[in-house]
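Top to bottom, those sequences are chains L and D.
When the letters of the first sequence are read in order and numbered with this note's numbering, they come out as residues 260 to 424.
When the letters of the second sequence are read in order and numbered with this note's numbering, they come out as residues 5 to 471.
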Amino acid sequence: MENQIFILVVEDELEVMDALVNDLEEFETHFPIEIANSAAEAEQVVQHIIDSGSTVGLILCDHVLPGKNGVDLLIELQNENKTKDSRKVLVTGQAGLEDTVQAVNKAHLNHYIAKPWSKEALHDVVIQQLTDYVIRRKLNPLPYMSILDAGRLAESLRDNPLTDH
Amino acid sequence: MTTFTKKQWIGLALGLIGLIAPFFFNIEGLSEAGHIGLGIFFLAAVFWMLEPVPIYATSVLVIFLQILLLSKEGLIFSTPTDFYNPDSYTAFIGTLASPIIILFLGGFVLADAAVKYNLDRNLTRILLKPFGDKPKYIVLGLMVVTALLSAFMSNTATTAMMMTVIIPIIARIDKSDPLRIGLALCIPFAANIGGMATPIGTPPNAVVIGTLSNQGINIPFGDWMILATPLVIIVLFLTWLLLLFMFKPSTESIQLDMSGRFNTSGNAVLLYLVFAVTVLLWVSESLHGMKSAIIALIPVVVLSVTKVITKEDIRKLPWEVLWLVAGGISLGISMKNTGLAEWIVTSIEWTSFGTITMIVAFSAVAIIMSNFLSNTVTATLLIPLAVSLATSGIAGEGFNLIIISVVIGMSASLAMVLPISTPPNAIAISTGTLETKNMAKAGFVIGVFGIALVTLYAIFYWPIMLN
């Protein structure tokens with residue numbers, strides 16, 4: 260289970276969680292999905308993923324959660340070295356302006372998805388965010404070309420080329 | 005440190021045993037230095053095949069072991085023996101700055117700057133225009149442009165760029181149209197084939213030229229092109245026909261919307277100029293006599309003096325490819341000087357084969373090996389044998405040193421059956437547009453007619469050109 264890129268979904272409402280995970284199903288072949296119902300659980304899951312030698316590529320996070328809220332969780336993860344590069348997306352209908360500003364400024368929020376979402380839009384966001392992750396981490400893009408944005412990954416190969424041998 | 009797979013552990017163990025074993029056995033007809041050379045050759049071959057360490061790391065290891073165990077300044081041969089006159093260590097480290105390496109450096113700098121200023125993509129845009137909108141001619145156009153670029157840039161970098169061109173096209177084509185597969189295959193195949201065309205096209209060419217230069221044979225840039233380009237053109241054309249036949253397009257026309265314009269900044273214009281001048285000087289060596297490695301310094305000097313390429317660009321050059329080639333050339337030095345290559349050659353009964361059989365055999369072995377191994381490694385392991393065969397006279401009159409070396413070099417580039425055969429193949433497969441079996445079928449046919457064509461050229465065309 261080493262060197263995998265995980266998608267982490269943090270959501271406390273079971274039905275919403277189910278819907279999200281269902282919509283993300285086709286990414287699971289390349290990006291295993293982990294779920295958490297609260298910020299505290301999310302922290303544990305992240306720790307577990309890191310300890311097993313993998314990374315978190317994308318966090319889809321609800322704002323209103325029991326205990327610590329989603330924006331505070333994202334800020335915390337932004338300040339951790341291991342999750343600094345993880346792409347951070349809020350999936351919410353209830354984050355106020357102030358929280359959202361905080362998320363952008365302090366958690367370097369990468370995207371905001373308003374509930375209810377459409378499957379296509381969600382897919383597009385996930386593809387673009389994970390493509391960004393693979394390119395920024397200078398990972399070998401080949402294993403991900405069939406599922407992510409192949410054009411952008413091929414373009415990244417030009418900057419950071421594989422070589423003849 | 006990474007953890008080793010089972011295959012890598014086996015490789016590590018076998019390689020080390022291979023290095024040490026010749027110290028404990030006395031092989032008839034092989035000098036002491038030959039025993040050591042055999043050990044190093046064994047280690048290199050196993051390490052390159054099973055890759056317990058990266059292939060470029062094996063190359064520097066080879067150079068280091070040769071210096072330690074075979075050079076005048078090493079641990080064993082401080083004075084010449086009756087059977088072995090040791091080279092100075094500078095002969096081995098010198099391969100890192102040999103003319104062919106400098107030629108490649110020049111090529112790298114040009115290619116890197118071309119990518120930086122988008123010259124490769126803009127050329128593609130212009131060159132594709134005349135091919136219209138019929139799928140079969142678009143495929144031809146893509147192949148011609150890819151081959152042309154990969155003759156001067158790395159096959160892999162060319163493939164990556166061309167993929168950015170065809171991915172949007174593929175996305176618009178109906179999923180059931182076999183044209184999608186044809187498009188995704190034509191790029192890596194053309195890149196593999198185009199690399200044969202010039203000395204700097206792909207590393208196996210460097211191994212051929214470097215090894216021949218150790219034999220005192222200089223192959224000018226233009227001469228290589230005269231030998232290789234006709235083969236490239238015919239293989240490219242046949243591959244085009246094959247792909248059209250196997251993956252018959254059902255779409256009537258496709259739109260290429262390649263917008264963009266040439267970068268006209270001072271730096272970019274200077275690059276265009278340097279690129280053109282360098283290539284012109286390379287192909288016209290027979291007119292002015294200036295060696296291609298010296299010409300290769302023109303882009304290196306001009307582009308760095310004018311800061312068209314910066315320190316960061318220089319750091320990004322694929323230095324490990326130069327290590328790989330240098331290690332290959334270095335291994336060839338001691339295979340010859342220790343009498344190892346000759347021993348290997350004399351232990352096989354060659355006289356029973358005719359010249360043609362041997363050409364076919366070398367071509368086939370090279371294609372088979374390089375389908376599984378790095379093309380450069382394949383050339384490195386086979387060429388010293390061919391050199392010994394030719395120079396020892398065992399193979400008879402018709403067995404020309406240059407021809408057999410070129411046969412091996414070209415054949416190493418004609419292996420494209422599997423995703424692992426070449427990096428361009430790996431890129432194509434990873435797009436998910438085609439299945440491995442599509443690649444394997446087409447690649448197999450190309451391999452077979454590749455052997456036939458290389459043999460025909462080796463018998464009929466190259467001898468005329470070399471005389």
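Beta carbons: idealized from backbone N, C-alpha and C, even for Gly.
All figures in this text were calculated on a predicted structure; none of them were measured in a lab.
Straight-line CA distance for residue i to residue j?
i	j	result
L/Lys374	L/Asn296	17 Å
D/Trp13	D/Val50	11 Å
D/Met339	L/Pro402	39 Å
D/Ile450	L/Val385	40 Å
D/Ile371	D/Val452	9 Å
D/Thr359	D/Ala394	11 Å
D/Phe403	D/Pro234	22 Å
D/Lys311	D/Phe46	45 Å
D/Ser425	D/Ile412	16 Å
L/Lys327	L/Asn338	16 Å
D/Pro322	D/Ile299	20 Å
D/Ser296	D/Pro207	16 Å
D/Arg129	L/Glu285	35 Å
D/Phe96	D/Glu324	17 Å
D/Ser63	D/Asn379	14 Å
L/Ala413	D/Asn196	18 Å
D/Met443	D/Pro172	21 Å
L/His289	D/Thr435	14 Å
D/Thr83	D/Ile67	20 Å
D/Asn429	D/Lys179	21 Å
What does DSSP give as the partner residue(s) for residue i in the beta ladder?
i	result
L/Cys320	L/Val269 and L/Leu349
L/Tyr371	L/Leu349
L/Glu293	L/Leu267
L/Thr314	L/Ile264
Please list the partners that residue i has in chain L, where partner means a Cβ-to-Cβ separation under 8 Å.
i	result
D/Ile59	His424
D/Thr168	Gly410, Ala413, Glu414 and Arg417
D/Pro427	Leu421, Thr422, Asp423 and His424
What does the Cβ neighbour count give for residue i, buried or exposed, with the cut at 16 atoms within 10 Å?
i	result
D/Gln259	exposed
D/Gly205	buried
D/Arg319	exposed
L/Gln353	exposed
L/Leu356	exposed
D/Lys441	exposed
D/Met473	For residue 473 of chain D there is no data in the structure shown, the boundaries of chain D being 5 and 471.
D/Val349	buried
D/Glu346	buried
D/Arg265	exposed
D/Ala161	buried
D/Lys277	A quick correction: the sequence has Leu, not Lys, at residue 277 of chain D. Under this definition D/Leu277 is an exposed residue.
D/Ser154	buried
Name, please, each residue of chain L whose Cβ falls closer than 7 Å to the Cβ of residue i.
i	result
D/Ala164	Ala413, Leu416, Arg417 and Pro420
D/Pro56	The contacting residues do not exist; D/Pro56 stays about 16 Å from chain L at best.
D/Ser378	His424
D/Leu328	His424
D/Pro172	Gly410
D/Thr206	Asp423
Among the options, which has the Cα closest to the Cα of residue i?
i	options	result
D/Ala201	D/Ser75, D/Phe266, D/Asn271 and D/Ser417	D/Ser417
D/Asp91	D/Ala37, D/Ile412, D/Thr459 and D/Gly186	D/Ala37
D/Ala175	L/Val280, L/Ala409 and L/Asn419	L/Ala409
L/Tyr392	L/Leu324, L/Asn364, L/Thr342 and L/Val360	L/Thr342
D/Trp244	D/Ser82, D/Trp286, D/Leu189 and D/Ile298	D/Leu189
D/Tyr88	D/Asn126, D/His39 and D/Ile104	D/His39
L/Cys320	L/Thr351, L/Asp423 and L/Lys378	L/Thr351
D/Met262	D/Asp124, D/Asn30, D/Met443 and D/Thr94	D/Asp124
D/Arg270	D/Leu307, D/Val169, D/Pro58 and D/Val66	The sequence shown places Gly at residue 270 of chain D, rather than the Arg named in the question. The shortest C-alpha separation from D/Gly270 is found at D/Leu307.
D/Ile238	D/Glu439, D/Val458, D/Leu344 and D/Glu256	D/Val458
D/Lys120	D/Tyr93, D/Phe448, D/Asp317 and D/Asn375	D/Asp317
D/Leu132	D/Pro427, D/Asp86, D/Ala151 and D/Ala118	D/Ala151
D/Pro103	D/Ile337, D/Glu289 and D/Ala330	D/Ala330
L/Asp358	L/Ala298, L/Asp331, L/Lys397 and L/Leu416	L/Asp331
D/Met53	D/Ala446, D/Thr382 and D/Gly436	D/Thr382
D/Met166	L/His424, L/Lys378, L/Gly312 and L/Leu416	L/Leu416
D/Ala194	D/Pro427, D/Leu385, D/Asp227 and D/Ile59	D/Pro427
L/Arg396	L/Asn281, L/Ile406, L/Ile309 and L/Asp344	L/Asp344
Given that residue i touches chain D, what residues does it touch there, using C-beta distances under 7 Å?
i	result
L/Leu333	Those within 7 Å of L/Leu333 in chain D number zero; the least Cβ separation is about 32 Å.
Answer with yes or no whether the minimum CB distance from residue i to chain C is below 7 Å.
i	result
L/Gly410	Among the protein chains of the structure shown, namely L and D, there is no chain C.
Which residues of chain L have a Cβ atom closer than 9 Å to the Cβ of residue i, listed in chain order?
i	result
D/Glu324	Thr422 and His424
D/Ser434	Pro400, Leu401, Pro402, Tyr403, Met404, Ser405, Ala409 and Leu412
D/Ala430	Leu401 and Leu421
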